[in-house]
Amino acid sequence: MTPYKDVAHLFRLASAFATGLVLFLLLRGSLVPKSFGQYGHYRGDALSEVSSRPISYAGHEACELCHADILEVKKYGRHAHVACESCHGPLAKHAEDPSIAPQKLDTAVLCVRCHEANHAKPMDFPQVHSAEHSAGLPCNTCHQPHTPRIEAEVKKKK
Amino acid sequence: MPVEGFMYPNEVELQWSVLIVLYPFLTGLVAGAFILASLERVFNVEAVKPTYRLALLTALAFLLVAPLPLQLHLGHPERSPEMYLTPHRSSAMAMFGFVYLWYLMGVLVVEIWLDYRKDIVTTMQSSAGLRKLVYKVLTLGSTNVSEGALKMDARVSWIITVIGIPSAFLLHGYVGFIFGSVKANPWWSTPLMPVVFIFSAMVSGIAAVMLLYMFLTKYRRRNINMRCVDTIARYLFYTFLIDFSLEMLDLIHRIYEADESFRSLDFMVHTRLFLSQVVIQIALGTVVPLVLLAYVQILPPRPIARKRIYGLAGSLTMMGIFAMRWNVVIGGQLFSKSFLGYTTYKMSLVAREGLLSAIFLTLLPLGILWVLLKLLPPWPEQATPARMVD
Amino acid sequence: MNLSRRKLLILLPAAAVAWDYVLAGTPEDSPNYKATEHWWGMLLDITKCIGCGSCVRACQLENHVPDGFFRTWVERYVVRDWGFEHVKVDSPDGGKNGFPALDDEGKSFFVPKMCNHCADSPCTQVCPVGATFVSPDGVVLVDQKYCLGCRYCIQACPYGCRFLNPETNTADKCNLCYHRITKGLTTACCESCPTGARQLADLKDPNDPVHEFLKTHSVQVLKPHLATGAKAFYNGLDGSVR
Chain S
702 MTPYKDVAHL FRLASAFATG LVLFLLLRGS LVPKSFGQYG HYRGDALSEV
752 SSRPISYAGH EACELCHADI LEVKKYGRHA HVACESCHGP LAKHAEDPSI
802 APQKLDTAVL CVRCHEANHA KPMDFPQVHS AEHSAGLPCN TCHQPHTPRI
852 EAEVKKKK
Chain Y
359 MPVEGFMYPN EVELQWSVLI VLYPFLTGLV AGAFILASLE RVFNVEAVKP
409 TYRLALLTAL AFLLVAPLPL QLHLGHPERS PEMYLTPHRS SAMAMFGFVY
459 LWYLMGVLVV EIWLDYRKDI VTTMQSSAGL RKLVYKVLTL GSTNVSEGAL
509 KMDARVSWII TVIGIPSAFL LHGYVGFIFG SVKANPWWST PLMPVVFIFS
559 AMVSGIAAVM LLYMFLTKYR RRNINMRCVD TIARYLFYTF LIDFSLEMLD
609 LIHRIYEADE SFRSLDFMVH TRLFLSQVVI QIALGTVVPL VLLAYVQILP
659 PRPIARKRIY GLAGSLTMMG IFAMRWNVVI GGQLFSKSFL GYTTYKMSLV
709 AREGLLSAIF LTLLPLGILW VLLKLLPPWP EQATPARMVD
Chain L
914 MNLSRRKLLI LLPAAAVAWD YVLAGTPEDS PNYKATEHWW GMLLDITKCI
964 GCGSCVRACQ LENHVPDGFF RTWVERYVVR DWGFEHVKVD SPDGGKNGFP
1014 ALDDEGKSFF VPKMCNHCAD SPCTQVCPVG ATFVSPDGVV LVDQKYCLGC
1064 RYCIQACPYG CRFLNPETNT ADKCNLCYHR ITKGLTTACC ESCPTGARQL
1114 ADLKDPNDPV HEFLKTHSVQ VLKPHLATGA KAFYNGLDGS VR
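Chains S, Y and L, in that order, give the protein sequences. Here the first sequence stands for residues 702 to 859, numbered as in our numbering. Here the second sequence stands for residues 359 to 748, numbered as in our numbering. Here the third sequence stands for residues 914 to 1155, numbered as in our numbering.
Laid out in structure tokens, this is it:
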């Protein structure tokens, strides 16, 4: 049987490690965020932190509250299912405080992003070669964006 | 043009830099050096005894530096304790944190302490002042170096080494698994990855200790123990053969199965990765050292020629294994996961994750090793350091 | 304003609720939202996408996405006659400002891409600390305060939807506009899509029309062989799409 004095140093080593482990466990208790593990292996508070960020797009239902007259026109036109902010940009700030004016739109840039002819677009989607179609004129020269179809042209085709 | 073909927009910039190449290289050296040490302790290969302590100290020096490239790479290094506080058990990276800690404290530090205990006590007793204090701390307060105590030490040390061998495999195998388990990346995703990493680690570690031993012995103006280096070189050769076979197996398997990713990866190897993979890793870093080492085995030349060959083969090996890490980490990010394009790695020079940082972190372990060699000399120094045979 | 009394009675309560959510820039989440009642996904209709890039712009504005990085993007595919081994794909600036004219012959179409909010997410599997996770309602989120920025999740995502945000030095990606969907709004990309190519889906809601569509049409997910449990469903996805 090995006398204790010959293994004492090994016990010292072991107790040094044990002390380290205990310190770590104590530290862990105070350092791990309280909501960790609430729903899974993550901080439960993260869910509310993410969901409480401010919004930039108000959503078309918010627009329709004040601008119902525009809605009346739009909902019978070809842009019925195009949300207001799709063209007008994020307007949550404007919806909260109508005195904040929305940005001015430039139809020369705006409309072609969707309607410039491109072989990859679906065949049934209305698209034109803008240089030939409008010869440099802004689109709202002839088209009203909220109801873009020109009835005169439709009648002509018929 | 940095991008050729199509890459998903978020893929163009590489995520893991040269520092992440360095990290498996450093941990690989640790595992390899330890395996060499275990050859003597567990497998009784007495010939390599002169390198036993050096191998352990080398492993320690590299293991201490290994987390540094990771820290430098993190977006929030101050949050890294989270890996120990809330480790995600399904993440190989998280579990590696504990493997690292176990290996450092439970294996390497204990083994070094047990082997050096007698010398630490002796040095303490013959020192004064600050030096005495440093060594006193290292003794953990015990000065018992009786035969009984030392026998106990030897027994425990043997057990630790036996546990240490699978621990070393786990250490570097885990690093391989960190890459090998990523199903999103076909260059990485293979069950062979941990195995290839382990064997290339052993190759690099053995070569590193061999080179360090030769260099330090020359520096101390001693004669190199040829029986020792010949044995190390032989083990290097065998390990390298296995490593090379495994890597060739991976390659042949890929070429044969030619799955969806193959055309893209094949193109990448022939173009962007040609220099680092075909020239540096395979030709100069594997085939040439293998031929040199094979030559020594078949037609052994005179000692002076053998030393030169070992020096050359060892250096090329180190370069080749670094290139292997480069090809895995960087190569895995050069091609698009759409298999339709390629990007380029723009390694900066002076940035946080730049070349200079990588060079510094490669040299730092050598600096630490120098300190360790002073603190815990591996070889008994004689009074007159004239030319002596070990 | 020309509202009939009936319309007003319908609109006002809805308006009141919506108004609250519009004003909800305050750090309190919606008290009526129960995560376990929802399981979110998205329907992406290739037959309707016109590659206008409205979704990319809207997402960038809604979520303050830094330039050069993308929480969502649009790709254009051109598949020539001889099959889908030879495709040409482009995504200029993620498709943010649309696409230039196309010279190539062949089948071509647009594919919007985003985080697939995988049910068996490979990215959350590898996170070492639990900074990214699948929420109880099926949205893969990133905890910006906990993420180390190790980038393992970015490597593990097969779809290329993650990036390292240079402003926060943490991983970032589409979070399905979690701050909007928990308040009854739709995502910014769905809101701004002019053709309805992108539609939010609640897979636990039997009355959700998108859910109905998914049950009655052939839909696909990207990289099904990786078994990620992706919840971004594509209608009309060509076999050449990667």
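C-beta: ideal position from N, C-alpha, C; glycine also. In this text the structure is predicted, and so the values were computed from the model without any measurement.
{"Item": "Same chain only: Cβ atoms within 7 Å of alanine 818 (chain S), ignoring 5 sequence neighbours per side", "Value": "Gln828, Val829 and His830"}
{"Item": "Other residues of its chain near asparagine 685 (chain Y): CB distance less than 7 Å, five sequence neighbours each side excluded", "Value": "Leu631, Ser634, Gln635 and Gln639"}
{"Item": "Which of helix, strand or coil DSSP assigns to tryptophan 737 (chain Y)", "Value": "coil"}
{"Item": "Minimum Cβ-Cβ distance from leucine 936 (chain L) to chain Y less than 9 Å", "Value": "Any reading at leucine 936 (chain L) must be qualified, since the residue scores a pLDDT of 41, below 50, and its modelled position is unreliable; the value itself is stated next. No, no contact with chain Y."}
{"Item": "Cβ distance (whole Å) where threonine 644 (chain Y) is taken to contact leucine 380 (chain Y) below 8 Å", "Value": "Actually they do not touch by this definition, with Cβ atoms about 20 Å apart."}
{"Item": "Beta-bridge partners of threonine 985 (chain L), as assigned by DSSP", "Value": "L:Met1027"}
{"Item": "Contact set between lysine 961 (chain L) and chain S, taken where Cβ atoms lie within less than 8 Å", "Value": "Pro823"}
{"Item": "is_contact[valine 747 (chain Y), chain S] using C-beta, thresh 9 Å", "Value": "At valine 747 (chain Y) the pLDDT is 48, less than 50, meaning the model places this residue with poor confidence and gives no usable figure here."}
{"Item": "Glycine 1043 (chain L) vs histidine 431 (chain Y) beta-carbon contact at 9 Å", "Value": "no"}
{"Item": "Distance cut-off 8 Å: threonine 629 (chain Y) Cβ against heavy atoms of the ligand PLP", "Value": "Absent from the structure shown: the ligand PLP. Ligands present: none."}
{"Item": "Pairwise C-alpha distance: serine 438 (chain Y) and tyrosine 593 (chain Y)", "Value": "38 Å"}
{"Item": "Same chain only: Cβ atoms within 7 Å of glycine 1011 (chain L), ignoring 5 sequence neighbours per side", "Value": "Gly964, Cys965 and Gly966"}
{"Item": "Where methionine 914 (chain L) falls: helix, strand or coil (DSSP)", "Value": "Residue placement at methionine 914 (chain L) cannot be trusted, given a pLDDT of 46 that sits under 50; the coordinates are not used to answer."}
{"Item": "Same chain, Cβ closer than 6 Å to alanine 796 (chain S), five either side skipped, listed in chain order", "Value": "Ala759 and Ala763"}
{"Item": "is_contact[lysine 735 (chain S), chain Y] using C-beta, thresh 9 Å", "Value": "no"}
{"Item": "Residue from L:Asn1120, L:Leu1135, L:Gln1112 and L:Arg1155 whose Cα sits closest to the Cα of glycine 954 (chain L)", "Value": "L:Gln1112"}
{"Item": "Interface flag, glutamine 804 (chain S) vs chain L, CB-CB below 9 Å", "Value": "no"}
{"Item": "CA-to-CA distance, aspartate 825 (chain S) to asparagine 976 (chain L), given in whole angstroms", "Value": "32 Å"}
{"Item": "At least 3 beta-carbon pairs within less than 8 Å: the segment 1023-1040 of chain L vs the segment 1123-1143 of chain L", "Value": "yes"}
{"Item": "Close Cβ partners of isoleucine 690 (chain S) (< 6 Å) along its chain, the five nearest in sequence each way excluded", "Value": "The question about residue 690 (chain S) has no answer, for chain S in this structure spans 702 to 859."}
{"Item": "Residues from the segment 490-512 of chain Y in contact with chain S, defined by Cβ distance under 7 Å", "Value": "Leu498, Gly499, Ser500, Asn502, Ser504, Gly506, Ala507 and Met510"}
{"Item": "Cβ distance (whole Å) where threonine 1083 (chain L) is taken to contact histidine 434 (chain Y) below 8 Å", "Value": "7 Å"}
{"Item": "Where threonine 444 (chain Y) meets chain L, residues with beta-carbon distance less than 7 Å", "Value": "Val1042 and Gly1043"}
{"Item": "Beta-carbon gap between threonine 675 (chain Y) and alanine 512 (chain Y) smaller than 9 Å", "Value": "no"}
{"Item": "Neighbour flag for arginine 993 (chain L) against chain Y, beta carbons, 9 Å", "Value": "no"}
{"Item": "CB contact below 9 Å: alanine 450 (chain Y) versus chain L", "Value": "yes"}
{"Item": "Residue environment, cysteine 843 (chain S), which counts as buried when at least 16 other CB atoms sit within 10 Å", "Value": "exposed"}
{"Item": "Endpoints, alpha helix (DSSP H) assigned at asparagine 976 (chain L)", "Value": "967-976"}
{"Item": "Residue-level contact to chain Y via CB, glutamine 1038 (chain L), 9 Å cutoff", "Value": "yes"}
{"Item": "Euclidean distance between Cα positions of tyrosine 1072 (chain L) and asparagine 1029 (chain L)", "Value": "8 Å"}
{"Item": "Neighbour list for threonine 703 (chain S) in chain Y, Cβ cutoff strictly below 7 Å", "Value": "Gly506 and Met510"}
{"Item": "Proximity of glycine 390 (chain Y) and valine 567 (chain Y) at Cβ, strictly below 9 Å", "Value": "yes"}
{"Item": "Interface partners of arginine 1093 (chain L) on chain S, CB under 7 Å", "Value": "Ile756"}
{"Item": "Amino acids of chain Y, ordered along the chain, whose beta-carbon sits closer than 7 Å to that of methionine 707 (chain S)", "Value": "The sequence given here has aspartate at residue 707 (chain S), not methionine. Per Cβ cutoff of 7 Å: Asn502, Ser504, Gly506, Ala507 and Met510."}
{"Item": "Assigned secondary structure, phenylalanine 1146 (chain L) (DSSP; H/G/I helix, E/B strand, else coil)", "Value": "strand"}
{"Item": "Every unbroken alpha helix (DSSP H) within the segment 409-497 of chain Y, with a cutoff of 4 residues, ordered by chain", "Value": "410-423, 425-431, 440-443, 450-459, 468-483 and 487-496"}
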